[in-house]
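For the sequence shown, this note's numbering puts the final residue at 162, and the numbers step up evenly by one. Reading through the structure tokens given below for one structure.
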Amino acid sequence: MQPAIDAVRRGLTRFTDAIIERDISARFMVVMYGLFPEIILDWVEDGYICRDALAQVRAAAVNDFEGPAADADVSEYNGSPPTWLAHANHDCVECNTREATFEAISMVLGGSPNNNLFRRNDSRSAELTGPVEFRDGARKFIILLTNEDSDCPFYEENK
């Protein structure tokens, strides 16, 4: 699965680069699912930060989001690579994971009984609380990446 994820990651990097190059006023958020829907990156306007988060997603491995290696060329990160993303291993090999994509989308859009997405207590990249809030009049675009159909929701009240 990792080669396919790598190809998608390269495409998302090019997509984010195009937004940055065109100076489009955009805000980014990254939500992962697997055990439960979780925000790993709250709203940011810096496309470089979003690109770094997406570039670190791995399949069937711990996604520890440590940031680029110390000797990496970080010029693409505008001189300030984030190294503080945290999340709760959504590809837990020993767990019975759920890929509840519809639940994650519904929660982000505020359409579920439980709209409070998980954020780790030690995260400095996802510190907001409560449901996702959009700017007034914002056009919403969701890019869903998955390799299967949606599983049943994680949260009982969202079933």
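For glycine and all other residues, C-beta sits at the position ideal for the given N, C-alpha and C.
With a cutoff of 9 Å on beta-carbon distance, glutamate 48 and arginine 25 are scored as not near each other. Put simply, the backbone Cα of glycine 113 is about 18 Å away from that of alanine 129. Within the segment 116-146, no complete beta strand (DSSP E) segment of 3 residues or longer occurs. Looking at Tyr36, Ala21, Arg138 and Pro156, the one whose alpha-carbon comes closest to that of asparagine 117 is Pro156. Counting along the chain, valine 47 sits inside the beta strand (DSSP E) bounded by residues 41-47. With respect to the C-alpha of glutamate 136, the residue from Asp45, Asp20, Ala107 and Asn161 having the closest C-alpha is Asp45. A direct Cα-Cα distance of roughly 13 Å separates glutamate 106 from proline 134.
One Cα belongs to serine 153, the other to tyrosine 51, and the distance between them is close to 30 Å. Under DSSP, phenylalanine 31 takes part in a beta bridge, and its partners are Val47.
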